[in-house]
Amino acid sequence: PEVSLWEELGKRKLDAYKLSNSTIKLVGWYSPSRSVHVGARLSLRNDSFDGQSTTDGCTAAGVLYNTNTIDQFKNLDKRELLNEMG
């Protein structure tokens, strides 16, 4: 993820999400590599929250699980998340 994603998440946490731990839909963009030795790059930026494609590449929809504490993160059933999303 690019720095702008984290800046936007911080703003949204303070202004809108606050202590909510609901899921947040995101959109990223895959772009091809210029080298055969490097795979495609997934970009997540500040506009990932808006779902508007502003760059070339293939879109990839996803979900951000917004936890507020390390304990909430540790208590997530990661296997279930992979089964549900994967």
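Count the sequence shown with the numbering used here and you get residues 239 to 324, in order.
Think of the CB as a built atom: it goes at the ideal place given N, C-alpha and C, for glycine as much as any other residue.
For E240 and L320, the rounded distance between their alpha carbons: 23 Å
Three-state secondary structure assigned by DSSP to G300: strand
Boundaries (first-last residue) of the beta strand (DSSP E) holding V276: No beta strand (DSSP E) contains V276, which DSSP labels as neither H nor E.
For S269, the first and last residue of its enclosing beta strand (DSSP E): Membership of S269 in the beta strand (DSSP E) is indicated by the continuous run T261 to S269.
Contact between the segment 303-323 and the segment 254-270 (3+ Cβ pairs under 8 Å): yes
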